[in-house]
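Remarks on the structure that follows.
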Amino acid sequence: MALNPYDTPRGRLRARAEATRRQFLLLMGGLASLGAVIFGGFESVKFLFPAATTEAPLKFKTDFTFTDLTGGVAGGKAKAGAQVRSITADRVTVVLDDAGIYAVFLVCTHLGCTPNYVTDVVSGSGVDPAVAEARGMRAGAEKIPNGWACPCHGSRYFIDSTNFYGPAPRPMDWVDIAVAPDGYFVIDRGNIVAYRQAGDTTAPAWRLLVDTQKNNGKTLGV
Amino acid sequence: MSATPREASPIRAFVAQIWGSIFRHGLPTTDKVAARTALTNFFLHIHPVRVKKSAIRVSYTLCLGGLSFFLFILLTITGLFLMFYYIPSIDQAYQNIKDLQFVATFGLVIRNMHRWAAHGMVITVWLHMARVFYQGAYKPPREFNWAIGTLLLLTTLLLSFSGYLLPWDQLAVWAITVGTNMAKYAPLVGPYTRYLLLGGRTVAQGALIRFYVLHVIALPLIGFLLMVVHFWRVRKDGFTGGL
Chain G
269 MALNPYDTPR
279 GRLRARAEAT
289 RRQFLLLMGG
299 LASLGAVIFG
309 GFESVKFLFP
319 AATTEAPLKF
329 KTDFTFTDLT
339 GGVAGGKAKA
349 GAQVRSITAD
359 RVTVVLDDAG
369 IYAVFLVCTH
379 LGCTPNYVTD
389 VVSGSGVDPA
399 VAEARGMRAG
409 AEKIPNGWAC
419 PCHGSRYFID
429 STNFYGPAPR
439 PMDWVDIAVA
449 PDGYFVIDRG
459 NIVAYRQAGD
469 TTAPAWRLLV
479 DTQKNNGKTL
489 GV
Chain F
10 MSATPREASP
20 IRAFVAQIWG
30 SIFRHGLPTT
40 DKVAARTALT
50 NFFLHIHPVR
60 VKKSAIRVSY
70 TLCLGGLSFF
80 LFILLTITGL
90 FLMFYYIPSI
100 DQAYQNIKDL
110 QFVATFGLVI
120 RNMHRWAAHG
130 MVITVWLHMA
140 RVFYQGAYKP
150 PREFNWAIGT
160 LLLLTTLLLS
170 FSGYLLPWDQ
180 LAVWAITVGT
190 NMAKYAPLVG
200 PYTRYLLLGG
210 RTVAQGALIR
220 FYVLHVIALP
230 LIGFLLMVVH
240 FWRVRKDGFT
250 GGL
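In order, the protein sequence lines correspond to chains G and F. The numbering of the first sequence is my numbering, which starts it at 269 and goes up by one. The numbering of the second sequence is my numbering, which starts it at 10 and goes up by one.
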């Protein structure tokens with residue numbers, strides 16, 4: 269008669285210990301697997317966030333020079349009248365007004381489209397053209413109510429990028445502009461020099477001065 | 010001279026064996042054979058053996074889910090053809106679409122079929138959901154299938170959204186700019202979601218390839234799996250109130 273080795277008091281004890289041991293190993297193994305899945309999964313998400321991208325750098329050089337924009341300097345003032353130069357591909361516009369030069373990063377604060385330069389920005393908006401003219405800080409014949417209009421949902425901005433119409437919640441940002449030794453402008457879209465919250469209609473005083481080719485350091489909200 | 014019986018012809022026997030190996034039953038002559046035909050055929054087995062006449066009153070509910078599935082198949086086939094010409098590169102994508110339309114025979118037809126079927130599928134899926142809702146067909150025992158259906162609706166909309174970018178025209182770029190900026194407004198995860206979708210900060214090459222992969226592989230696969238479950242549950246839960 270073959271005896272079941274577990275069918276004894278000592279055997280039963282051993283069987284129970286065996287079962288407990290298995291449960292313990294199962295628990296440990298399970299926890300280890302769970303941990304591996306959690307941490308491994310967390311690390312794996314990084315796959316979709318590459319350390320570098322092939323996007324254009326935020327800092328770039330314009331294809332026009334300081335002289336192209338200002339027409340040269342005479343008596344500390346630009347020879348050319350006020351003007352606007354847009355670099356559509358890089359979504360930046362450079363504005364020359366009586367106080368100096370500044371660059372607006374043309375990203376609509378509503379949902380990120382690129383607003384276009386328009387010369388009759390107040391048309392149909394119910395805003396007095398004189399308000400828009402005052403924003404321009406320009407002299408004489410240059411005083412036209414020009415600004416930016418977004419093609420996506422119709423937001424409009426004065427020339428100094430202050431929003432006044434449509435769904436845009438706040439003004440567009442101004443970014444750093446400097447003159448490189450070779451006379452071209454260097455614009456750094458990663459360096460915001462005027463950031464305004466919703467409802468802030470202050471006209472930024474930051475300018476790249478025409479006579480010294482240095483900025484006046486009067487940043488706003490940054 | 011005795012004629013060889015037809016059954017004795019070796020060629021006929023060979024053909025009969027092949028035919029018989031594929032189609033296990035002849036044309037249904039009795040209810041029993043009809044039932045067996047449906048049960049033993051892969052493509053037919055999803056159908057119930059018996060359906061009440063009232064359940065297939067197509068004119069009543071228009072079989073909108075079936076229409077959606079039909080459009081999905083149409084989109085899969087036409088999309089496959091589009092892939093022969095389309096290269097997901099920001100330098101080539103738009104020109105590929107033009108080439109497809111004006112250089113490839115029937116390219117214009119295929120592209121438009123894909124486009125209109127896509128619009129159509131979004132419409133039929135919404136209407137299907139409305140029909141199910143108004144008929145109360147989301148109630149037990151069909152509540153799980155309603156949940157699967159909402160995921161299918163989401164998949165359909167994401168397919169539509171991701172396909173929108175691929176022509177790489179102005180409409181596409183700005184629509185995705187707007188869409189992903191909306192995603193950015195989500196609390197906490199918003200900016201990460203946008204970066205995840207675009208593979209960067211702007212709608213550029215990284216965004217195009219991500220949307221392409223989502224559009225042609227990931228989302229159709231997810232949709233297909235969900236559809237398999239969806240149809241299986243329709244079959245199991247029954248459809249007595251029309252399709």
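Every residue gets a Cβ at the ideal spot worked out from N, C-alpha and C, and that includes glycine. Just so it is clear, the structure is predicted and the values come from calculations on it, not from any experiment.
Item to complete: Below 8 Å CB to CB, which residues in the same chain sit around Gly451(G) once its five sequence neighbours on both sides are set aside?
Response: Along the first sequence, read from residue 1 onward, the residue named residue 451(G) stands at position 183. If we look at Gly451(G) and ignore the five residues flanking it on each side, its Cβ neighbours are Thr333, Phe334 and Thr335.
Practice prompt. Using a Cβ cut-off of 9 Å, pull out every chain F residue sitting near Phe236(G), in sequence order please.
Written response: Here chain G covers residues 269 to 490 and nothing more, so residue 236(G) does not appear.
Fill in: Beta-carbon proximity of Gly404(G) to Asp441(G), cut-off 8 Å
Residue 404(G) sits at position 136 when you count from the first residue of the first sequence. Residue 441(G) sits at position 173 when you count from the first residue of the first sequence. No, Cβ-Cβ distance for Gly404(G) and Asp441(G) is not below 8 Å.
Worksheet item: Going by the beta-carbon positions, is the gap between Lys327(G) and Val478(G) smaller than 8 Å?
Response: Sequence index remark: in the first sequence, residue 327(G) carries index 59 (1-based). Sequence index remark: in the first sequence, residue 478(G) carries index 210 (1-based). For Lys327(G) and Val478(G), no; Cβs fall outside 8 Å.
Worksheet item: To which residues of the same chain is Met10(F) closer than 8 Å at the C-beta, ignoring the five residues directly before and after it?
Response: As a first step, residue 10(F) must be located in the second sequence, where it is residue number 1. Only weak support exists for where Met10(F) lies, its pLDDT of 48 falling under 50; the value from the coordinates is given anyway. None.
Worksheet item: Between which two residues does the beta strand (DSSP E) carrying Gln351(G) extend?
Response: The residue given as residue 351(G) occupies position 83 in the first sequence. Here the beta strand (DSSP E) through Gln351(G) covers Gln351 to Ile355.
Practice prompt. Leaving out five residues on either side along the sequence, give the residues of the same chain with a beta carbon under 7 Å from the beta carbon of Leu76(F).
Written response: Against the second sequence, residue 76(F) aligns to sequence position 67. Contacts found: Thr133.
Discussion item. Strictly below 7 Å CB to CB, what residues from chain G border Phe214(F)?
Written reply: Locating residue 214(F) in the second sequence gives position 205, where the first residue counts as 1. What sits at residue 214(F) in the sequence shown is Gln, not Phe. Correct list: Thr322.
Item to complete: Using a Cβ-Cβ cut-off of 8 Å, state whether Trp177(F) counts as contacting chain G.
Response: One-based indexing of the second sequence puts residue 177(F) at position 168. Not one chain G Cβ lies under 8 Å of Trp177(F).
Worksheet item: What in chain G is Cβ-close to Leu205(F), meaning under 8 Å?
Response: Walking along the second sequence from the start, residue 205(F) turns up at place 196. Per Cβ cutoff of 8 Å: Leu316 and Phe317.
Practice prompt. Taking only beta-carbon positions, decide if Phe240(F) is within less than 8 Å of chain G.
Written response: On the second sequence, residue 240(F) is found 231 positions in, with the first residue counted as 1. So no, Phe240(F) is outside the interface.
Fill in: Residue-level contact to chain G via CB, Gly199(F), 8 Å cutoff
Here residue 199(F) refers to the residue found at position 190 of the second sequence. Output row for Gly199(F): interface = no.
Worksheet item: Could you give the C-beta distance for Thr361(G) and Val352(G), rounded to a whole number, given that I count them as a contact under 8 Å?
Response: Within the first sequence, residue 361(G) is the residue found at index 93, counting from 1. Within the first sequence, residue 352(G) is the residue found at index 84, counting from 1. Right, the Cβ-Cβ distance comes to about 6 Å (below 8 Å), so this counts as a contact.
Discussion item. Can you tell me which residues form a DSSP beta bridge with Leu281(G)?
Written reply: Taking the first sequence and counting its residues from 1, one reaches residue 281(G) at position 13. Partner(s): none; Leu281(G) has no beta bridge.
Worksheet entry | CB contact check: Gly422(G) to chain F, cutoff 8 Å | Mapped onto the first sequence, residue 422(G) falls at position 154. No, no contact with chain F.
Worksheet item: Could you give the residue range of the beta strand (DSSP E) that holds Ala448(G)?
Response: Numbered from 1 along the first sequence, position 180 holds the residue referred to as residue 448(G). Unbroken run through Ala448(G): none, as it is neither H nor E.
Item to complete: Would you tell me roughly how many angstroms separate the C-alpha atoms of Ala448(G) and Val454(G), rounded to the nearest one?
Response: Position 180 of the first sequence, counted from the start, is the residue given in the question as residue 448(G). Position 186 of the first sequence, counted from the start, is the residue given in the question as residue 454(G). Those two C-alpha atoms are separated by around 6 Å.
Worksheet entry | Alpha carbon of Arg48(F) to alpha carbon of Gln26(F), nearest angstrom | Locating residue 48(F) in the second sequence gives position 39, where the first residue counts as 1. Locating residue 26(F) in the second sequence gives position 17, where the first residue counts as 1. Sequence check: residue 48(F) is Leu here, not Arg. Each residue's alpha carbon lies about 21 Å from the other.
Item to complete: Compile a chain-ordered list of the residues in the segment 178-189 of chain F whose CB is closer than 7 Å to at least one CB of chain G.
Response: Trp183, Thr186 and Val187
Worksheet item: Are the beta-carbon atoms of Leu379(G) and Val187(F) separated by less than 8 Å?
Response: Counting from 1 along the first sequence, the entry for residue 379(G) is found at position 111. Counting from 1 along the second sequence, the entry for residue 187(F) is found at position 178. Yes, the Cβ-Cβ distance between Leu379(G) and Val187(F) is below 8 Å.
Discussion item. Just list the residues that DSSP pairs Trp442(G) with in beta bridges.
Written reply: Taking the first residue of the first sequence as position 1, residue 442(G) is located at position 174. Note: Trp442(G) sits in a beta bridge opposite Val372(G) and Ala462(G).
Practice prompt. Determine contact between the segment 156-170 of chain F and the segment 91-98 of chain F, defined as no fewer than three beta-carbon pairs at a distance below 8 Å.
Written response: no
Worksheet item: Buried or exposed: which applies to Met296(G), given that a residue is buried once 16 or more other Cβ atoms fall within 10 Å of its Cβ?
Response: Residue 296(G) sits at position 28 when you count from the first residue of the first sequence. With fewer than 16 other Cβ atoms within 10 Å, it is exposed.
Discussion item. Could you compute how far the alpha carbon of Ala402(G) sits from the alpha carbon of Pro439(G)?
Written reply: Here residue 402(G) refers to the residue found at position 134 of the first sequence. Here residue 439(G) refers to the residue found at position 171 of the first sequence. In a straight line, the C-alpha of Ala402(G) is about 16 Å away from that of Pro439(G).
Discussion item. Once DSSP output is grouped into helix, strand and coil, what is the label at Thr276(G)?
Written reply: Here the question's residue 276(G) lines up with position 8 in the first sequence. Reduced to three states, the DSSP call for Thr276(G) is coil.
Discussion item. Quick check: the Cα distance between Asn414(G) and Gln110(F), rounded to an integer number of angstroms?
Written reply: The residue given as residue 414(G) occupies position 146 in the first sequence. The residue given as residue 110(F) occupies position 101 in the second sequence. If you take the alpha carbons of Asn414(G) and Gln110(F), they lie about 41 Å apart.
Worksheet item: Which of helix, strand or coil does DSSP assign to Asn484(G)?
Response: For the purposes of this step, residue 484(G) is taken as residue 216 along the first sequence, with counting starting at 1. Residue state, collapsed to three classes: coil.
Fill in: N-terminal and C-terminal residue of the alpha helix (DSSP H) that Asp365(G) is part of
Position 97 of the first sequence, counted from the first residue, corresponds to residue 365(G). Counting along the chain, Asp365(G) falls outside any alpha helix (DSSP H), though it belongs to the beta strand (DSSP E) covering Val360 to Asp365.
Fill in: Neighbour-count burial assignment, Tyr95(F), 16 or more Cβ in a 10 Å radius
Against the second sequence, residue 95(F) aligns to sequence position 86. Under this definition Tyr95(F) is a buried residue.
Worksheet item: Any Cβ of chain G within less than 8 Å of the Cβ of Thr211(F)?
Response: The sequence position of residue 211(F) within the second sequence is 202, counting from 1. Closer than 8 Å to some Cβ of chain G, the Cβ of Thr211(F) qualifies, so yes.
Item to complete: Kindly indicate the opening and closing residues of the alpha helix (DSSP H) around Arg244(F).
Response: Taking the first residue of the second sequence as position 1, residue 244(F) is located at position 235. Counting along the chain, the alpha helix (DSSP H) containing Arg244(F) begins and ends at Leu228 to Asp246.
Worksheet entry | Closest by C-alpha distance to Phe317(G), when choosing among Tyr173(F), Gln179(F), Tyr204(F) and Val131(F) | Translated into the one-based positions of the first sequence, residue 317(G) becomes position 49. The candidate whose alpha carbon is nearest that of Phe317(G) is Tyr204(F).
Worksheet item: Do we get a CB-CB distance below 8 Å when we pair Leu379(G) with the residues of chain F?
Response: Stepping through the first sequence from its first residue, residue 379(G) is reached at position 111. True, the Cβ-Cβ gap to chain F drops below 8 Å.
Item to complete: Buried or exposed for Gly232(F), please, with buried defined as at least 16 other CB atoms from any protein chain shown within 10 angstroms of its CB.
Response: Residue 232(F) sits at position 223 when you count from the first residue of the second sequence. When all chains shown are included, Gly232(F) counts as buried.
Practice prompt. Could you pull out every unbroken alpha helix (DSSP H) segment of at least 4 residues lying fully inside the segment 114-194 of chain F, listed in chain order?
Written response: 116-143, 152-174 and 179-193
Worksheet item: Does Gly208(F) have its Cβ less than 8 Å from a Cβ in chain G?
Response: Mapped onto the second sequence, residue 208(F) falls at position 199. With 8 Å as the cut-off, Gly208(F) counts as an interface residue toward chain G.
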